[in-house]
Amino acid sequence: MPHLSIVVPTYNEAENVPFLLERVQAALSSVDFELVIVDDDSPDGTARLAQELSVRYPFVRVVKRTDQRDLATAVIEGFRHSRGEVLTVMDADLQHPPEKIRDLLEKIDAGADIVVGSRYVPGGEIEAWPFKRRFYSKGARAIAYLLLPRSRAVQDPMSGFFMLCRQVLDGVELHPIGYKILLEILVRGRYQRVEEVPITFRDRERGTSSLVFNEYRKYTRHLLRLSWEEGEILRFIKFGLVGGSGVLVNEGLLWLLWGVWGVMLLGASLVAVELSIIWNFIWNEVWTFRDRGEDGIRAFFKRMGQFNLVSLVGLGLNVSILLLLHHLFGVYPLTANIVGIAVAFTWNFAANNLWTWFR
Ligand code: GDD
Ligand code: MN
Numbered sequence: 006m007p008h009l010s011i012v013v014p015t016y017n018e019a020e021n022v023p024f025l026l027e028r029v030q031a032a033l034s035s036v037d038f039e040l041v042i043v044d045d046d047s048p049d050g051t052a053r054l055a056q057e058l059s060v061r062y063p064f065v066r067v068v069k070r071t072d073q074r075d076l077a078t079a080v081i082e083g084f085r086h087s088r089g090e091v092l093t094v095m096d097a098d099l100q101h102p103p104e105k106i107r108d109l110l111e112k113i114d115a116g117a118d119i120v121v122g123s124r125y126v127p128g129g130e131i132e133a134w135p136f137k138r139r140f141y142s143k144g145a146r147a148i149a150y151l152l153l154p155r156s157r158a159v160q161d162p163m164s165g166f167f168m169l170c171r172q173v174l175d176g177v178e179l180h181p182i183g184y185k186i187l188l189e190i191l192v193r194g195r196y197q198r199v200e201e202v203p204i205t206f207r208d209r210e211r212g213t214s215s216l217v218f219n220e221y222r223k224y225t226r227h228l229l230r231l232s233w234e235e236g237e238i239l240r241f242i243k244f245g246l247v248g249g250s251g252v253l254v255n256e257g258l259l260w261l262l263w264g265v266w267g268v269m270l271l272g273a274s275l276v277a278v279e280l281s282i283i284w285n286f287i288w289n290e291v292w293t294f295r296d297r298g299e300d301g302i303r304a305f306f307k308r309m310g311q312f313n314l315v316s317l318v319g320l321g322l323n324v325s326i327l328l329l330l331h332h333l334f335g336v337y338p339l340t341a342n343i344v345g346i347a348v349a350f351t352w353n354f355a356a357n358n359l360w361t362w363f364r
């Protein structure tokens with residue numbers, strides 16, 4: 006049994022496979038490993054070529070699928086055929102440097118459960134992406150961080166180059182959509198220690214990428230499914246319900262203070278606003294974010310302060326968007342206010358999720 010299994014999904018990579026095998030062999034002398042190519046019946050004959058090359062490179066095994074064409078499930082299929090205690094996933098197009106496998110393996114052997122070849126830690130980089138693609142990538146990551154707390158374990162949860170101990174997947178069922186298989190593992194896997202090794206994500210020299218633009222849609226669906234199953238969408242809904250109840254509290258208090266007791270309007274409103282913020286805070290504390298946040302009275306009041314600050318900024322956002330849209334673009338105030346409320350609500354959720362109740 007090999008110690009390490011390297012799973013390489015391929016689709017039309019015949020031009021790259023010979024170089025890949027040569028470099029992997031050179032990089033891993035003295036390591037006991039196998040390399041499992043999972044090919045989806047590439048028209049360019051990748052599978053046949055790899056099979057032929059396995060004579061010269063005995064560590065190569067080829068799995069050919071004819072019923073599917075999908076990167077994520079190809080990787081899972083590769084796991085199934087792997088015999089090593091340690092699993093690696095790597096692309097065939099040499100955008101991931103095979104020379105780094107050793108560095109990842111060192112961390113695993115030193116006790117890490119998952120190691121990610123990372124473009125976003127110091128020393129890591131992306132060779133040839135235009136600004137737009139970098140921007141999308143960071144944006145996609147920000148949404149993942151917001152909706153999937155477990156993805157925050159690493160700087161690069163979207164990397165296609167990573168290593169893990171087999172136990173991480175024990176009893177875990179993976180069913181990703183699209184190709185962010187690491188994200189799926191970070192959310193569903195069983196692990197304690199995660200580490201990152203900086204890599205340079207090289208430009209593709211040969212062949213063409215087969216992942217097309219609708220991957221963004223698949224990514225969105227994948228993300229929503231994962232966060233629904235993790236209860237994070239529900240959290241968002243709870244946060245909204247609490248916010249709605251706060252509006253009622255605010256109104257009720259204003260009615261009581263100003264309408265019934267005759268307190269002056271400004272004072273009455275300030276008290277109503279602050280008390281409804283505290284109301285919201287309490288409910289978010291005991292309901293929306295019950296599973297988050299440190300114990301203890303100090304931490305509790307710290308969170309209350311943070312929540313107040315976030316709400317204040319939210320209020321500022323709401324009002325300035327309202328005024329801006331109205332005075333600059335002539336939008337009807339009640340319509341502009343809806344936009345303001347939507348932005349402020351998103352801000353409030355994000356800031357409280359990532360700061361007040363960070364985990
Ligand atoms: N079996 C199989 N089936 N393999 C596939 C398929 C498929 O349908 N589509 C792509 N592959 C293989 C390619 O042959 C290559 O080895 C690897 O999967 C990555 O495909 P690319 O087309 O080169 O993807 P990319 O460079 O755009 O994306 C890479 O970088 C992303 C980081 O932004 C991948 O590593 C992604 O997983 C990663 O998220
Ligand atoms: Mn690629």
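Be aware that the sequence shown starts at 6, since it is given in the numbering used here, and climbs by one per residue.
Backbone N, C-alpha and C fix where the C-beta goes; we use that ideal spot for every residue, glycine too.
{"query": "How would you call P376, buried or exposed, if buried means at least 16 neighbouring beta carbons within 10 angstroms?", "result": "What is shown of the chain runs 6 to 364, which leaves residue 376 out entirely."}
{"query": "Within its chain, find whatever has a CB closer than 8 Å to the CB of R230; leave out the 5 residues flanking it on each side and keep chain order.", "result": "I182"}
{"query": "Who are the Cβ neighbours of L76 in its own chain at under 6 Å, not counting the five residues just before and after it?", "result": "P14, Y184"}
{"query": "Give the secondary structure of L169 by DSSP, where H, G and I count as helix, E and B as strand, and everything else as coil.", "result": "strand"}
{"query": "So which residues touch the region around the ligand MN, with touch meaning a C-beta under 7 Å from any heavy atom?", "result": "D96, D98, Q100, R209, S214"}
{"query": "Mind checking whether I113 and V91 have CB atoms under 7 Å apart?", "result": "yes"}
{"query": "Using a Cβ-Cβ cut-off of 7 Å (strictly less than) and excluding sequence neighbours within five positions of S232, which residues of its own chain qualify?", "result": "L152, L153, I238"}
{"query": "Could you check where the beta strand (DSSP E) with R364 kicks off and where it finishes?", "result": "Here R364 belongs to no beta strand (DSSP E), and DSSP marks it neither H nor E."}
{"query": "Could you check if T340 is buried or exposed, using at least 16 other CB atoms within 10 Å of its CB as the buried criterion?", "result": "exposed"}
{"query": "Whose C-alpha, out of N285, N323, L322, L328, is nearest the C-alpha of R308?", "result": "N285"}
{"query": "I need the straight-line Cα distance from L253 to E279, nearest angstrom please.", "result": "13 Å"}
{"query": "Could you give the residue range of the beta strand (DSSP E) that holds V344?", "result": "That residue, V344, is in no beta strand (DSSP E); its alpha helix (DSSP H) goes 338 to 356."}
{"query": "With H, G and I counted as helix, E and B as strand and the rest as coil, what does DSSP make of L191?", "result": "helix"}
{"query": "Does the structure place the region 162 to 182 close enough to the region 191 to 201 that three or more beta carbon pairs sit under 8 Å?", "result": "yes"}
{"query": "In angstroms with no decimal places, state the Cα-to-Cα distance between L54 and D108.", "result": "29 Å"}
{"query": "Roughly how far, in whole angstroms, is the beta-carbon of R124 from the beta-carbon of E130, given that I think they are within contact range, below 8 Å?", "result": "6 Å"}
{"query": "Per DSSP, what kind of secondary structure is K185 in: helix, strand or coil?", "result": "coil"}
{"query": "Which ranges would you report for the beta strand (DSSP E) in the region 135 to 165 if only whole runs of at least 3 residues count?", "result": "none"}
{"query": "Would the region 37 to 48 count as touching the region 61 to 72 if we require 3 or more Cβ pairs under 8 Å?", "result": "yes"}
{"query": "Could you tell me if G83 is buried or exposed, where buried requires 16 or more neighbouring beta carbons within 10 angstroms of its beta carbon?", "result": "buried"}
{"query": "Compute every distance between the C-beta of V43 and the non-hydrogen atoms of the ligand GDD, then say whether any falls below 6 Å.", "result": "yes"}
{"query": "Indicate, with yes or no, if the ligand GDD has a heavy atom lying under 6 Å from the CB of D72.", "result": "no"}
{"query": "Give the range of the beta strand (DSSP E) segment to which I204 is assigned.", "result": "It is not in any beta strand (DSSP E) - I204 carries neither H nor E in the DSSP assignment."}
{"query": "Would you kindly check if the distance between the Cβ of W362 and the Cβ of G298 is under 7 Å?", "result": "yes"}
{"query": "If you reduce the DSSP assignment to three classes, tell me which class R66 lands in.", "result": "strand"}
{"query": "Out of V159, L261, L169, point me to the one whose CA is closest to D118's CA.", "result": "L169"}
{"query": "Along the chain, where does the alpha helix (DSSP H) containing F84 start, and where does it finish?", "result": "76 to 86"}
{"query": "Using a 10 Å radius around the Cβ and a threshold of 16 neighbouring Cβ atoms, would you call Y16 buried or exposed?", "result": "buried"}
{"query": "With a threshold of 16 other CB atoms inside 10 Å of the CB of I242, please say whether the residue is buried or exposed.", "result": "exposed"}
{"query": "Are the CB atoms of S156 and L179 nearer to each other than 7 Å?", "result": "no"}
{"query": "Less than 8 Å between the CB atoms is what I'm expecting for V68 and H86, so what's the real figure, rounded?", "result": "5 Å"}
{"query": "Following a CB-centred definition, is E189 positioned closer than 6 Å to any heavy atom of the ligand GDD?", "result": "no"}
{"query": "Taking only the alpha-carbon atoms, compute the straight-line gap between K143 and A273 and give it to the nearest angstrom.", "result": "44 Å"}
{"query": "The ligand GDD and M309: does the residue's C-beta get closer than 6 Å to at least one heavy atom of that ligand?", "result": "no"}
{"query": "A349 and N323: beta carbons closer than 7 Å?", "result": "yes"}
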